[in-house]
Structures are given as C-alpha cells and as structure tokens.
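Line by line, the protein sequences are chains Y and U.
Sequential numbering of the first sequence, starting at 42, is according to the working numbering.
Sequential numbering of the second sequence, starting at 97, is according to the working numbering.
No residue lacks a Cβ here, since even glycine has one placed at the ideal position from N, Cα and C.
Let me begin by presenting the structure, written as structure tokens, before commenting on it.
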Amino acid sequence: MKFDWSAVGAFLPTFWNGVLVTLQALALGSLIAFGLGLVWALAQRSSLKVVRWPVTALTEFVRNTPLLVQLFFLFYVMPEWGVTLSALATGVIGLGLHYSTYTAEVYRSGIDGVPAGQWEAAIALSLPRRRTWTAVILPQAIRRVAPALGNYVIAMLKDSPMLFAIGVLEMLGEARQFSSQTFQTVEPYTVVGVAFIAIAYPASLLLRALERRLVR
Amino acid sequence: MSADRSTPNTPPADGTDAAASASASGQTELIRFDKVTKRFGSHTVLDALDMKVYPGKHVTLIGPSGSGKTTILRLMMTLLKPDEGTIKLGDRYLTHEDKGGKLVPASDRYSREIRKNIGMVFQQFNLFPNMKVLRNITEAPVHVLGMDKDAAEQRARELLDLVGLTAHLDKYPSQLSGGQQQRVAIARALAMRPQVLLLDEVTSALDPELVAGVLDLLRDIAHSTDITMLCVTHEMNFARDISDCVMMFDAGRVIEFGPPEQIFTAPEHERTREFLSAVR
C-alpha cells in the first residue's frame, strides 16, 4: 500500500469545505443542545405535572433511541408532515435535540449540586424566583458543570459523521465523495481521521484546563 | 413566651422583661408564635410553642442542640412551615393569609412580601460565591426593594465601613476569611433594613480567633440600632451582653426565660443549671 501525498493535496480543497460544515454543525448543534437541555432541566423541576411528565417522556425517548434513527426520522418523515429543511439544518436539529437530553442531566446535577444554603440565602433576601435562578443558582450550577458540557461537545464532534447518512457533506462525506470519484481511499480517510484527532484532542486539553480553573 | 403548660403561673414572656405582663408593657408585640408545633417525621421539634417578642428587643435562645432553637429561626424566615399554629409579624400573619376571615396557608408571593421585613445571618454565611462582596450586598436592595443601583452601592459602602471591610468590596467571598465572610453576610442582611434580624449560630463555623470580631460587631449593632434580634448562640457571654431576654429551650419547650442576669446567675430550672454548667 502506497500513501499518495498528491492525493492528499487533491483532497484538501473539498476537505476544507467538509471541515467547515462539521464545525458549523458542531457549533449550532451545541447551541441547541445547551439551550434545549437547560429548558428540559428547568421543566423537570416544575411543580406542574403537566409540564414535568411530557418532558420526562420526551427526553427519555430521545435518549434511548439511536441518533441515526432520529436523523432519518427528521429527514424523511418530517417532510411528510410539511416540514422540509435542508440536510444540514435537519442534522443540526437532530444532533442538538439528541444531545440536549444529555446536557439536561448535566444541568440537573449542577443545579442539585448548588448548596441548600444558597437557596436559603435567596429566600432570606426575598429575591424573586426568576432572579434567584438567573443570578444565584444557574451561574453556580453552570460553572460547576461547564467541563461536563464540554465533554458532550467532543462527543458530538465524534457523532457528526452520522449527518453524512442524510447527505450532509461534512468531513466524512467529502472523503467518501472524493474516494468514489478518484478510487483513492487511504488518503482521504486518513486525513479525516487525523482531522478528528487534531480537533478533539486540543479541545479535551482545553477542557481539562477549564476544569482546573472552574472546579475548586 | 411561656411555653410551659406545666407551670401555668409563668407570666407571658415578652422580650422586655419576663416578669412584666404583656398588657402592662403597653406595646404590641412584633413577633408572636401561637401554639406552633413543628415535627420532623415522628420527632416533635417544637411543641405548641407560644412566644412573643416586642419591637427592638434582643432575645437569645439557648439550650442543648436539637432543642428546637434553630427551628424557630427557620420558621420565622419561612424556610420551614409550621405543622400547627400561627406566627405573626406585627399585625400580619407570616405563615397564613387572612382570606375573608379564614386563615389559609400563605402563598409564595405573600410570604416573599412579608419576609422582606426579616433578615437572617446563617452559620455557614451563605454568601453568593459568584458575586463580589459589593454585589452580594446590593443584589437584594436593587432587585427586591427596587433601589437605584448607585444608592444601593452607596449604602453597601457605608455598611462595609460599619463592618470594617471597605478594602475588600471588590473581592470574591472565597478570598475572605470566615470572619470576614460572616461580616459581609451581616452587612448583606442589614442592607435590606429589616425589622427583625435572625442570627443562627453565626460564630459556630468560625475559627476561634475570628469569633470576637464578629461578636463585637453584633454588639455594636445591637446597641446602636432599634432592630429586633432573635439570636441562637452558644456564646454565653455574648448572650449576656446583648440580650434583653434569654429563653432556655429543652425538648421543644421553653422551660425558662428571663433577663440574662436571672438566667445566668440564678436559673430556676435544673435543666438550665445543667446546660449552663456544661457550656461554661
């Protein structure tokens, strides 16, 4: 087996497009996962059963079915209901929704980890409910769980090739397309593999540094 | 505040002078517990407690741990709800709402409104670690009382001056010693200008050498303001210095109360004598 460096050179232009799409999916997916996860976590603390119960059902359902199935469902079934989105938008929503059920658990543990004394101090100062959440509880909870949230971003990165299954040309998609056109397989897939490490490893180092700074 | 039914002749304790009857003082009580019972599971922490505290008085609760002292403060702060009985602050119920002559348990909104008049300092300080010292103090005045931010900061600086921590206003609580944190917590409670200040074993979590500073500060506040204080402490000298009335608790009951001289020098009850000799 010969490693053809010129094939690497030929792959690079489309590869960069793939990197861009991967990072785009990752960034937007993370935003959705962080936002929705917080919504789920707060809804599950609601005193109203009609809020708590459906959210618990939804998050359990999403967490316990494969991401790939969810992506296919969103991509092929939603249009039947009149909702048609681009492959990338569908992928971002699928990724974000799937991971929001995990981040919800992370937020939950962060909120539970805020000492009871903080709630009591907020009560003793008569802080309104909303202010207690936004100024006292969430800043402390999120600080505590930021590294855990970051780990899910890395996990999402590694799940992003699944978007290829619904036709998103992220890194893996571009490699696949390149190899089917040129019949060169080793080079593009190697580049993609190296790219994943090149993104994920520094990111996890960054997270560890963040963890040392935040968790005291 | 006599809670001991076994001695029906005990005069109503009133925080002014345990010997004076409530009517003779000519003042209406600020805090009134009526037959307040609190249970945790099968354990009765407070047993049909009656208690009155008059405005501006400093009442210290003493007694062995588990005797229900802290529970009283937590009930006052609405951190706990009584199982039976009512608590009044001034002419309003703290625990209940008067709805057309019928008493119903207080809603969150109602509790929040009435407890603005009550401040609390905790054993573990409970400062907000995500906020700097100054904002710990201004947070509630701005967001609860609707104070202008500059005015709140001005007031916070005055309070920090009072507690001797002006130099630390830009620090986070974790950068301060326990004694300093507790003084910030006192400033934070005072910033709300409460009618009633609850002090829950405020020096128990402090290193011994830091206790005196906090107690001196509280002495100053007790002697220079007309704030009503309800204080749980194991510092008997402090209790003697600041109290108008000392109440001895045992097993959910007030077994004895009176001015500090009486309780500390001539306690009537055997349990009080035992307790005092144990803590000295």
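Endpoints, alpha helix (DSSP H) assigned at residue i
i	result
U/D312	P304 to S320
Y/V110	L108 to F113
U/V298	Where U/V298 is concerned, there is no enclosing alpha helix (DSSP H), given that its DSSP letter is neither H nor E.
Y/A73	Reading off the sequence shown, one finds Ile at residue 73 of chain Y, where the question assumed Ala. Here the alpha helix (DSSP H) through Y/I73 covers W46 to A84.
Y/S245	V227 to L255
U/H239	V229 to H239
U/M173	Neither: U/M173 is in no alpha helix (DSSP H) and is coded neither H nor E.
Y/A182	L179 to D200
Y/P95	K90 to R104
Y/V133	A128 to D153
U/G164	Unbroken run through U/G164: none, as it is neither H nor E.
U/I210	D204 to I210
Y/M203	Taken as a continuous stretch (DSSP letters only), Y/M203 belongs to no alpha helix (DSSP H), as it is neither H nor E.
Y/M212	M212 to T223
U/F371	E366 to V375
Boundaries of the beta strand (DSSP E) in which residue i is found, first to last residue
i	result
U/G354	R349 to G354
U/V259	Looking at the DSSP string, U/V259 is not in any beta strand (DSSP E), and its letter there is neither H nor E.
Identity of the residues DSSP links to residue i by a beta bridge
i	result
U/I183	U/F129
U/K195	U/K198
U/R188	U/L185
U/T324	U/V292
U/H154	U/M325
U/R135	U/T140
Y/G158	Paired residue(s): none; Y/G158 is not in a bridge.
U/V342	U/T156 and U/G354
U/G215	U/L293
U/K148	U/R128
With 16 other Cβ atoms within 10 Å as the buried cut-off, status of residue i
i	result
U/N72	Only positions 97 to 376 of chain U appear in this structure, which leaves residue 72 of chain U out of reach.
Y/E121	exposed
U/P269	buried
U/Y206	buried
U/L64	The first residue shown for chain U is 97 and the last is 376, placing residue 64 of chain U beyond what the model contains.
U/A118	Low local confidence applies: a pLDDT of 37 at U/A118 is under 50, so the model's placement there is unreliable, with the coordinate-based value given in what follows. With 16 or more other Cβ atoms within 10 Å, it is buried.
U/H319	exposed
U/G354	buried
Y/V124	exposed
U/G164	buried
U/L255	buried
Y/V110	exposed
Y/G132	buried
Y/A163	buried
Y/Y117	exposed
Y/L251	exposed
Y/V209	buried
U/S203	exposed
U/R211	buried
Y/A82	buried
Y/I238	exposed
U/Q246	The question names Gln, but residue 246 of chain U in the sequence shown is Asp. Looking at its Cβ environment, which holds fewer than 16 other Cβ atoms inside 10 Å, U/D246 is exposed.
U/Q277	buried
U/D179	exposed
Contacts around residue i, its chain only, beta-carbon distance under 6 Å, and the 5 residues preceding and following it disregarded
i	result
Y/Y143	Y193
U/P363	R369
U/L302	G274 and G275
Y/Q225	A48
Y/L115	T131 and G135
U/H365	I351 and E352
Cβ shell of residue i (< 8 Å), same chain only, five flanking positions each side left out
i	result
U/A120	Since pLDDT at U/A120 reaches only 41, below the 50 mark, its modelled position is unreliable, and no value is offered.
U/F218	A281, D296 and V298
U/T166	D296, E297 and V328
U/Q220	A301
U/L176	K134, T167 and R170
Cβ-heavy atom distance, residue i to the ligand ATP, below 8 Å
i	result
Y/M197	Only the bare structure without any ligand can be found here, which leaves the ligand ATP out of the picture.
Sequence-distant residues of its chain with Cβ nearer than 7 Å to residue i (five each side left out)
i	result
Y/L151	Looking at the sequence itself, residue 151 of chain Y is Gly, so the reference to Leu does not match. So the qualifying residues of the chain are A182, I183, R185 and V186.
Y/T97	Q85
U/M227	E235
U/R336	P356 and F360
Neighbouring residues, chain B, relative to residue i (Cβ below 7 Å)
i	result
U/M243	Considering every chain present, this structure includes no chain B. Its protein chains are Y and U.
Legend entry - Residues of the stretch 249 to 261 of chain U whose Cβ lies closer than 9 Å to any Cβ of chain Y, in chain order: Flagged: no residues at all.
Inset, instruction - Mind checking the stretch 162 to 186 of chain Y against chain U and listing, in chain order, the residues whose C-beta falls within less than 8 Å of any C-beta there? - result: Answer in chain order: A162, I164, A165, L166, S167, L168, P169, R170, R172, A176, V177, P180, Q181 and R184.
Inset, instruction - Output, in sequence order along the chain, the residues in the stretch 206 to 233 of chain Y whose CB is closer than 7 Å to any CB in chain U. - result: Listed by position along the chain: nothing, the set is empty.
Inset, instruction - Check distances from the C-beta atoms of the stretch 190 to 222 of chain U to those of chain Y and list, in chain order, the residues that come in under 7 Å. - result: Only R208, R211, K212, G215, M216, F218, Q220 and N222 from the stretch 190 to 222 of chain U bring a Cβ to less than 7 Å from some Cβ of chain Y.
Inset, instruction - Scan the stretch 225 to 240 of chain U for residues whose Cβ lies nearer than 8 Å to a Cβ of chain Y and list them as they occur along the chain. - result: For the stretch 225 to 240 of chain U, which is checked against every Cβ of chain Y, the residues closer than 8 Å are P225, N226, M227, E235, A236, H239 and V240.
Legend entry - Chain-ordered residues of the stretch 167 to 181 of chain U with a beta carbon less than 9 Å from chain Y: For the stretch 167 to 181 of chain U, the beta-carbon criterion of a distance under 9 Å to any beta-carbon of chain Y is satisfied by R170, M173, T174 and L175.
Legend entry - Under 8 Å (Cβ pairs) to chain U, residues found in the stretch 63 to 87 of chain Y: Within the stretch 63 to 87 of chain Y, no residue has a Cβ that lies closer than 8 Å to any Cβ of chain U.
Legend entry - Positions along the stretch 139 to 160 of chain Y whose CB lies within less than 7 Å of some CB in chain U: Result list: G158 and Q159.
Legend entry - Proximal residues, the stretch 314 to 331 of chain U versus chain Y, C-beta separation under 9 Å: Of all residues in the stretch 314 to 331 of chain U, none has a Cβ within less than 9 Å of some Cβ in chain Y.
Legend entry - Cβ-based contacts, 7 Å cut-off: residues of the stretch 285 to 303 of chain U near chain Y: Those would be M288, in chain order.
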